[in-house]
Structure formats: C-alpha cells, structure tokens
Amino acid sequence: MAKIITAKSAGFCFGVKRAVEKVYGEVEKGGPIYTYGPIIHNEELVADLERKGVHVIMSDEELSGIRSGTIITRSHGISRAKEEKLRATGANCVDATCPFVKR
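Residues 1 to 103, numbered by the numbering used here, are exactly what the sequence shown covers, in order.
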C-alpha cells in the first residue's frame with residue numbers, strides 16, 4: 001500500500017490564511033458580518049463561516065440593503081470602484097485582500 005506524506009507546509013497560502021483569520025476575528029467581535037463574494041475558493045470553509053453567521057454578498061443588489069455591520073473584501077481583491085461602493089454603505093469595511101494581489 002502506498003504511503004501518503006503531507007508536507008509540513010501544506011495548507012493555505014499566506015494571503016488566504018490572513019484573510020480567513022480576519023473573518024474569524026470579526027466573528028468573535030459579533031455583529032452582522034458580510035464578505036463581498038466568498039472570502040476564498042473553499043466551499044467547506046465558506047460553509048463554516050456561514051454557520052457562524054457570515055453572509056456572502058454576491059451582487060450589488062444585496063449590497064444596497066446593508067447599512068451597518070462589517071463587510072470584508074475577499075482575499076483575491078476587488079476593484080477600486082467596488083471598494084467605493086462598499087464604503088458608501090456606511091458599514092465598517094475590512095480589506096482582506098492579499099498584499100501580493102494589491103501590488
């Protein structure tokens with residue numbers, strides 16, 4: 001039988017790990033929490049966040065109903081125009097974009 005060895009470095013990359021930690025940190029603070037799109041491309045993690053009360057916003061229509069709480073940008077980033085729309089809601093905005101994507 002083949003032996004499977006998992007690398008010590010297996011897991012999320014730096015940017016994804018940072019984004020996920022930001023979301024879980026906001027969950028601990030409480031209040032309405034949203035991510036603009038899924039925080040990362042991992043259905044199991046996104047489902048866990050949803051069970052903890054995090055709502056994934058998938059459209060500008062959904063965004064228009066938000067006036068409070070916290071909106072977190074996904075690790076893959078968003079456009080400046082979209083960022084301005086998030087800030088215009090009046091909600092607290094947390095940028096979880098990977099620093100390497102922002103360059």
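By construction, the Cβ of each residue, glycine as well, lies at the ideal position given by its N, Cα and C atoms. Please read these numbers as outputs of a predicted model, since none were measured by experiment.
Kindly indicate which residue of 13, 3 and 86 has the alpha-carbon position closest to the one of residue 101.
Checked all of 13, 3 and 86; the closest Cα to residue 101 is 13.
Would a C-beta distance cut-off of 7 Å place residue 36 and residue 71 closer than the cut-off?
The answer is yes: Cβ separation under 7 Å.
Which ranges would you report for the alpha helix (DSSP H) in the segment 37-90 if only whole runs of at least 4 residues count?
Runs found: 43-51, 60-63 and 80-88.
Let me make sure I understand the geometry here. Which of 99, 66, 80 and 88 has the alpha-carbon closest to that of residue 34?
With distances taken between Cα atoms, residue 34 lies closest to 66.
Suppose the cutoff is 6 Å on Cβ atoms and the five residues either side in sequence are ignored; what does the same chain contact list for residue 53 look like?
Within the same chain, residue 53 has no close Cβ partners at all.
Measuring alpha carbon to alpha carbon, tell me which of 6, 19, 10 and 2 ends up nearest residue 75.
The shortest Cα separation from residue 75 among 6, 19, 10 and 2 belongs to 19.
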